[in-house]
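Engineer: Got a structure for you, written out below as C-alpha coordinates; questions coming shortly.
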(Lines of atoms letter the chains of each structure in order from A; the text may use other names.)
(Lines give C-alpha, C1' and ligand atoms only; values in the text may rest on other atoms or scores of the structure.)
Protein backbone atom coordinates (compact mmCIF):
# COMPACT_ATOMS: atom_id res chain seq x y z
CA UNK A 1 0.00 0.00 0.00
CA UNK A 2 1.50 3.32 -1.10
CA UNK A 3 1.63 6.21 1.34
CA UNK A 4 -0.59 9.07 0.27
CA UNK A 5 1.24 11.91 -1.49
CA UNK A 6 0.24 15.53 -1.01
CA UNK A 7 1.48 18.05 -3.56
CA UNK A 8 1.24 21.82 -3.36
CA UNK A 9 0.63 22.85 -6.95
CA UNK A 10 1.36 26.49 -6.29
CA UNK A 11 4.66 25.99 -4.52
CA UNK A 12 6.65 22.84 -5.44
CA UNK A 13 8.51 21.17 -2.60
CA UNK A 14 6.09 22.32 0.09
CA UNK A 15 3.64 19.85 1.64
CA UNK A 16 0.07 21.12 1.52
CA UNK A 17 -1.57 18.24 3.41
CA UNK A 18 -0.11 15.83 5.92
CA UNK A 19 1.17 12.57 4.43
CA UNK A 20 -0.25 9.34 5.82
CA UNK A 21 1.86 6.53 7.23
CA UNK A 22 0.93 3.29 5.50
CA UNK A 23 0.97 -0.07 7.25
CA UNK A 24 3.92 -1.11 5.10
CA UNK A 25 6.00 1.97 5.95
CA UNK A 26 5.04 1.75 9.62
CA UNK A 27 6.30 -1.84 9.60
CA UNK A 28 9.58 -0.77 8.01
CA UNK A 29 10.09 2.04 10.53
CA UNK A 30 9.00 0.10 13.62
CA UNK A 31 11.34 -2.82 12.80
CA UNK A 32 14.19 -0.40 12.17
CA UNK A 33 13.58 1.52 15.42
CA UNK A 34 13.52 -1.73 17.38
CA UNK A 35 16.71 -3.02 15.73
CA UNK A 36 18.50 0.30 16.12
CA UNK A 37 17.64 1.39 19.65
CA UNK A 38 15.54 -1.43 21.12
CA UNK A 39 12.36 0.64 21.48
CA UNK A 40 9.09 -1.24 20.97
CA UNK A 41 6.79 0.40 18.45
CA UNK A 42 3.51 -1.61 18.45
CA UNK A 43 0.57 -0.85 16.18
CA UNK A 44 -1.08 1.36 18.82
CA UNK A 45 1.82 3.81 18.43
CA UNK A 46 1.35 4.25 14.68
CA UNK A 47 -0.53 7.55 15.04
CA UNK A 48 2.10 8.90 17.47
CA UNK A 49 4.95 7.94 15.13
CA UNK A 50 3.18 9.49 12.16
CA UNK A 51 2.60 12.77 14.00
CA UNK A 52 6.19 13.04 15.22
CA UNK A 53 7.78 12.24 11.87
CA UNK A 54 5.54 14.69 10.00
CA UNK A 55 7.99 17.36 11.22
CA UNK A 56 10.86 15.60 9.49
CA UNK A 57 8.91 15.26 6.24
CA UNK A 58 8.13 18.98 6.28
CA UNK A 59 11.73 19.85 7.10
CA UNK A 60 13.03 17.71 4.23
CA UNK A 61 10.31 18.82 1.79
CA UNK A 62 9.14 15.24 1.25
CA UNK A 63 5.63 14.27 0.19
CA UNK A 64 5.30 10.74 1.54
CA UNK A 65 6.57 8.40 4.21
CA UNK A 66 7.70 6.03 1.46
CA UNK A 67 10.05 8.72 0.20
CA UNK A 68 11.18 9.32 3.76
CA UNK A 69 11.86 5.62 4.41
CA UNK A 70 13.76 5.28 1.14
CA UNK A 71 15.93 8.23 2.14
CA UNK A 72 16.39 7.11 5.76
CA UNK A 73 17.53 3.64 4.75
CA UNK A 74 20.00 4.94 2.16
CA UNK A 75 23.68 5.49 2.92
CA UNK A 76 23.11 9.26 2.92
CA UNK A 77 20.13 8.92 5.23
CA UNK A 78 22.03 6.76 7.69
CA UNK A 79 24.64 9.51 7.89
CA UNK A 80 22.41 12.59 7.90
CA UNK A 81 18.94 11.59 9.11
CA UNK A 82 19.29 8.70 11.58
CA UNK A 83 19.97 10.86 14.65
CA UNK A 84 17.23 13.32 13.65
CA UNK A 85 14.72 10.49 13.35
CA UNK A 86 15.67 8.99 16.71
CA UNK A 87 15.33 12.43 18.31
CA UNK A 88 11.74 12.53 17.07
CA UNK A 89 10.69 9.08 18.31
CA UNK A 90 12.33 8.89 21.72
CA UNK A 91 10.32 9.91 24.80
CA UNK A 92 12.02 12.33 27.17
CA UNK A 93 10.06 12.84 30.36
CA UNK A 94 11.91 13.72 33.53
CA UNK A 95 11.84 16.05 36.53
CA UNK A 96 14.15 17.34 39.24
CA UNK A 97 14.05 15.06 42.30
CA UNK A 98 11.79 12.57 40.54
CA UNK A 99 11.05 9.58 42.80
CA UNK A 100 12.67 11.35 45.80
CA UNK A 101 12.94 8.28 48.03
CA UNK A 102 15.79 7.12 45.80
CA UNK A 103 17.80 10.19 46.74
CA UNK A 104 17.03 9.65 50.42
CA UNK A 105 18.25 6.06 50.17
CA UNK A 106 21.35 7.23 48.30
CA UNK A 107 22.15 9.86 50.93
CA UNK A 108 21.42 7.89 54.09
CA UNK A 109 22.40 4.33 53.13
CA UNK A 110 24.54 4.06 50.00
CA UNK A 111 26.91 6.99 50.42
CA UNK A 112 27.87 6.53 54.11
CA UNK A 113 28.79 2.90 53.44
CA UNK A 114 30.69 3.82 50.28
CA UNK A 115 32.76 6.49 52.05
CA UNK A 116 33.82 4.02 54.74
CA UNK A 117 34.94 1.47 52.16
CA UNK A 118 36.61 3.92 49.74
CA UNK A 119 38.31 6.73 51.69
CA UNK A 120 39.83 9.32 49.37
CA UNK A 121 38.33 7.86 46.19
CA UNK A 122 35.97 9.65 43.78
CA UNK A 123 32.48 8.17 43.39
CA UNK A 124 31.63 7.39 39.75
CA UNK A 125 27.97 7.79 38.78
CA UNK A 126 26.20 7.22 35.48
CA UNK A 127 22.86 8.83 34.65
CA UNK A 128 21.79 6.51 31.82
CA UNK A 129 18.99 8.02 29.78
CA UNK A 130 19.53 11.48 31.26
CA UNK A 131 17.09 13.31 28.97
CA UNK A 132 17.32 17.10 29.39
CA UNK A 133 19.56 16.93 32.44
CA UNK A 134 17.22 17.14 35.43
CA UNK A 135 18.41 13.81 36.88
CA UNK A 136 22.20 14.35 36.68
CA UNK A 137 21.87 17.87 38.07
CA UNK A 138 19.68 16.55 40.89
CA UNK A 139 22.42 14.01 41.62
CA UNK A 140 24.96 16.85 41.60
CA UNK A 141 22.98 18.73 44.23
CA UNK A 142 22.54 15.66 46.43
CA UNK A 143 26.20 14.62 46.16
CA UNK A 144 27.44 18.18 46.70
CA UNK A 145 25.36 18.42 49.89
CA UNK A 146 26.85 15.13 51.08
CA UNK A 147 30.37 16.36 50.22
CA UNK A 148 29.88 19.45 52.42
CA UNK A 149 29.15 17.17 55.36
CA UNK A 150 31.95 14.73 54.51
CA UNK A 151 35.23 16.50 53.74
CA UNK A 152 37.36 14.63 51.22
CA UNK A 153 34.39 13.11 49.39
CA UNK A 154 34.39 13.72 45.63
CA UNK A 155 32.35 12.48 42.70
CA UNK A 156 32.04 12.53 38.92
CA UNK A 157 28.93 12.03 36.81
CA UNK A 158 28.56 10.70 33.27
CA UNK A 159 25.18 11.52 31.70
CA UNK A 160 24.12 9.92 28.43
CA UNK A 161 21.13 9.84 26.12
CA UNK A 162 20.43 8.70 22.57
CA UNK A 163 18.82 12.05 21.70
CA UNK A 164 21.18 14.84 20.70
CA UNK A 165 18.28 17.30 21.00
CA UNK A 166 17.82 16.75 24.74
CA UNK A 167 21.57 16.52 25.34
CA UNK A 168 21.99 19.99 23.83
CA UNK A 169 19.35 21.28 26.26
CA UNK A 170 21.01 19.49 29.18
CA UNK A 171 24.37 21.07 28.39
CA UNK A 172 22.92 24.58 28.47
CA UNK A 173 21.50 23.79 31.97
CA UNK A 174 18.76 26.42 31.58
CA UNK A 175 15.31 25.63 33.00
CA UNK A 176 12.03 27.40 33.62
CA UNK A 177 10.83 28.32 37.10
CA UNK A 178 8.13 25.67 36.84
CA UNK A 179 10.68 22.98 35.96
CA UNK A 180 12.75 23.66 39.09
CA UNK A 181 9.72 23.83 41.37
CA UNK A 182 10.54 20.42 42.98
CA UNK A 183 13.93 21.73 44.13
CA UNK A 184 13.96 22.76 47.81
CA UNK A 185 14.35 26.49 48.44
CA UNK A 186 17.72 26.16 50.20
CA UNK A 187 19.08 24.19 47.23
CA UNK A 188 17.72 26.73 44.77
CA UNK A 189 19.62 29.46 46.61
CA UNK A 190 22.86 27.46 46.41
CA UNK A 191 22.72 25.87 42.99
CA UNK A 192 20.51 27.97 40.69
CA UNK A 193 21.32 31.29 39.06
CA UNK A 194 18.51 33.68 38.15
CA UNK A 195 18.55 35.57 34.89
CA UNK A 196 19.32 39.29 35.06
CA UNK A 197 16.00 39.68 33.31
CA UNK A 198 13.71 38.49 36.09
CA UNK A 199 10.72 38.52 33.72
CA UNK A 200 12.31 35.73 31.64
CA UNK A 201 11.23 33.12 34.17
CA UNK A 202 14.36 30.98 33.68
CA UNK A 203 17.25 29.86 35.87
CA UNK A 204 20.58 28.16 35.20
CA UNK A 205 22.55 25.54 37.11
CA UNK A 206 25.65 27.06 38.72
CA UNK A 207 29.00 26.47 36.95
CA UNK A 208 30.37 24.36 39.83
CA UNK A 209 27.68 21.73 39.20
CA UNK A 210 27.82 21.95 35.41
CA UNK A 211 31.53 21.17 35.58
CA UNK A 212 30.79 17.93 37.45
CA UNK A 213 28.73 16.39 34.63
CA UNK A 214 30.06 15.03 31.35
CA UNK A 215 27.37 14.59 28.70
CA UNK A 216 27.63 12.37 25.66
CA UNK A 217 25.42 10.49 23.24
CA UNK A 218 25.06 6.74 23.77
CA UNK A 219 22.82 4.12 22.21
CA UNK A 220 21.99 1.26 24.60
CA UNK A 221 22.00 -1.13 21.65
CA UNK A 222 25.72 -0.54 21.05
CA UNK A 223 27.71 -3.59 22.07
CA UNK A 224 30.50 -1.43 23.52
CA UNK A 225 29.52 1.58 25.60
CA UNK A 226 33.04 2.98 25.32
CA UNK A 227 33.61 3.24 29.07
CA UNK A 228 37.08 2.61 30.39
CA UNK A 229 36.19 2.92 34.07
CA UNK A 230 33.72 0.83 36.03
CA UNK A 231 30.89 2.47 37.94
CA UNK A 232 29.82 2.73 41.56
CA UNK A 233 26.23 3.81 40.86
CA UNK A 234 23.92 3.73 37.84
CA UNK A 235 20.65 5.62 37.62
CA UNK A 236 18.63 4.13 34.76
CA UNK A 237 15.07 5.02 35.66
CA UNK A 238 11.96 4.77 33.51
CA UNK A 239 14.01 3.73 30.49
CA UNK A 240 13.77 -0.05 30.14
CA UNK A 241 9.96 0.09 30.17
CA UNK A 242 10.21 0.98 26.48
CA UNK A 243 12.02 -2.31 25.72
CA UNK A 244 10.68 -5.85 25.52
CA UNK A 245 11.82 -8.38 28.12
CA UNK A 246 14.62 -10.00 26.05
CA UNK A 247 16.07 -6.55 25.31
CA UNK A 248 15.78 -5.56 28.98
CA UNK A 249 17.70 -8.67 29.99
CA UNK A 250 20.49 -8.08 27.45
CA UNK A 251 20.78 -4.44 28.46
CA UNK A 252 20.97 -5.17 32.19
CA UNK A 253 23.57 -7.86 31.61
CA UNK A 254 25.57 -5.24 29.74
CA UNK A 255 25.13 -2.76 32.60
CA UNK A 256 26.37 -5.44 34.99
CA UNK A 257 29.66 -5.63 33.08
CA UNK A 258 30.31 -1.96 33.81
CA UNK A 259 29.44 -2.13 37.52
CA UNK A 260 32.07 -2.53 40.20
CA UNK A 261 31.51 -5.34 42.73
CA UNK A 262 29.05 -3.92 45.26
CA UNK A 263 27.80 -1.22 42.86
CA UNK A 264 24.15 -0.10 42.84
CA UNK A 265 21.65 0.42 40.03
CA UNK A 266 18.51 2.51 40.57
CA UNK A 267 15.53 1.64 38.34
CA UNK A 268 12.18 3.39 37.84
CA UNK A 269 9.31 2.60 40.21
CA UNK A 270 7.34 0.94 37.41
CA UNK A 271 10.27 -1.30 36.43
CA UNK A 272 11.27 -4.69 37.79
CA UNK A 273 14.05 -7.21 37.25
CA UNK A 274 11.78 -10.06 38.31
CA UNK A 275 12.09 -12.96 35.89
CA UNK A 276 15.22 -11.61 34.22
CA UNK A 277 18.46 -13.59 34.22
CA UNK A 278 20.60 -10.82 35.68
CA UNK A 279 23.12 -11.25 38.56
CA UNK A 280 21.78 -8.33 40.62
CA UNK A 281 20.24 -8.46 44.09
CA UNK A 282 17.30 -6.36 45.29
CA UNK A 283 18.26 -4.18 48.28
CA UNK A 284 15.46 -1.59 48.29
CA UNK A 285 12.35 -0.99 46.15
CA UNK A 286 13.65 -0.74 42.54
CA UNK A 287 17.26 -0.54 43.75
CA UNK A 288 19.57 -3.46 42.95
CA UNK A 289 23.16 -4.29 43.76
CA UNK A 290 25.90 -6.28 42.14
CA UNK A 291 27.20 -8.81 44.72
CA UNK A 292 30.73 -8.32 45.92
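In full-length UniProt numbering, the protein residues as written are 1 to 292.
Note that beta-carbon positions come from the ideal geometry of N, C-alpha and C, so glycine has one too.
Taking the straight line between their C-alpha atoms, what separation do you get for residue 308 and residue 95?
Structural biologist: Examination of residue 308 is not possible in this model, given that the chain is present from 1 through 292 alone.
Engineer: Looking only at C-alpha atoms, which of 153, 261 and 106 sits nearest to residue 97?
Structural biologist: Comparing Cα-Cα distances from residue 97 to each of 153, 261 and 106, the minimum goes to 106.
Engineer: Buried or exposed: residue 117, going by 16 or more other Cβ atoms within 10 Å of its Cβ?
Structural biologist: The residue in question, residue 117, is exposed, as its Cβ has fewer than 16 Cβ neighbours within 10 Å.
Engineer: Evaluate residue 257 with the Cβ neighbour count: other Cβ atoms within 10 Å of its Cβ, from every protein chain shown; 16 or more gives buried, anything less gives exposed.
Structural biologist: The residue in question, residue 257, is exposed, as its Cβ has fewer than 16 Cβ neighbours within 10 Å.
Engineer: Going by DSSP, which residues form a beta bridge with residue 265?
Structural biologist: Note: residue 265 sits in a beta bridge opposite 234 and 288.
Engineer: I'd like the span of the alpha helix (DSSP H) that includes residue 247, first residue to last.
Structural biologist: Run containing residue 247: 245-257, per the alpha helix (DSSP H) assignment.
Engineer: Give, in chain order, every unbroken run of the alpha helix (DSSP H) that is at least 4 residues long and sits entirely within the stretch 31-66.
Structural biologist: You should have 46-60.
Engineer: Could you work out which residue in 109, 87 and 138 is closest to residue 213 when comparing CA atoms only?
Structural biologist: The shortest C-alpha separation from residue 213 is found at 138.
Engineer: Give me the Cβ distance between residue 217 and residue 162, rounded to the nearest whole Å; I'm assuming they're in contact under 8 angstroms.
Structural biologist: Rounded, the Cβ-Cβ distance is 7 angstroms, consistent with contact.
Engineer: Just verifying my parser: in three-state terms, what is the DSSP assignment at residue 197?
Structural biologist: Coil.
Engineer: Per DSSP, residue 161 forms a beta bridge with which residues?
Structural biologist: DSSP, once it has assigned bridges, lists 217 as partnering residue 161.
Engineer: According to DSSP, simplified to helix, strand and coil, what is residue 89?
Structural biologist: Note: residue 89 maps to helix in three-state DSSP.
Engineer: Using the rule of at least 16 other Cβ atoms within 10 Å of the residue's Cβ for burial, across every protein chain shown, is residue 110 buried or exposed?
Structural biologist: It counts as buried.
Engineer: Between residue 87 and residue 53, what straight-line distance do the alpha-carbon atoms span, to the nearest angstrom?
Structural biologist: Going from the Cα of residue 87 to the Cα of residue 53 covers about 10 angstroms.
Engineer: Looking only at DSSP bridge pairs, what is residue 176 linked to?
Structural biologist: DSSP lists 202 as partners of residue 176.
Engineer: Reducing DSSP to helix, strand and coil, say where residue 155 ends up.
Structural biologist: Strand.
Engineer: Report the three-state DSSP secondary structure of residue 273 (helix, strand or coil).
Structural biologist: Residue state, collapsed to three classes: coil.
Engineer: Kindly indicate which three-state DSSP category residue 260 falls into: helix, strand or coil?
Structural biologist: Residue 260: strand per DSSP, three-state reduction.
Engineer: If distances are taken between C-alpha atoms only, which option among 292, 277 and 273 comes closest to residue 284?
Structural biologist: Here the closest residue by C-alpha is 273.
Engineer: Taking C-beta to C-beta, are residue 243 and residue 127 nearer than 9 angstroms?
Structural biologist: Contact flag unset, no.
Engineer: Whose C-alpha, out of 278, 134 and 46, is nearest the C-alpha of residue 31?
Structural biologist: Closest by alpha carbon: 46.
Engineer: Identify which residue in 260, 238, 21 and 253 has its Cα closest to the Cα of residue 90.
Structural biologist: Per the Cα distances, 238.
Engineer: Would you call the stretch 18-26 and the stretch 61-75 in contact, with 3 or more CB pairs under 8 angstroms?
Structural biologist: Yes: the two stretches touch, three or more of their Cβ pairs being nearer than 8 angstroms.
Engineer: Beta strand (DSSP E) containing residue 239: first to last residue?
Structural biologist: Unbroken run through residue 239: none, as it is neither H nor E.
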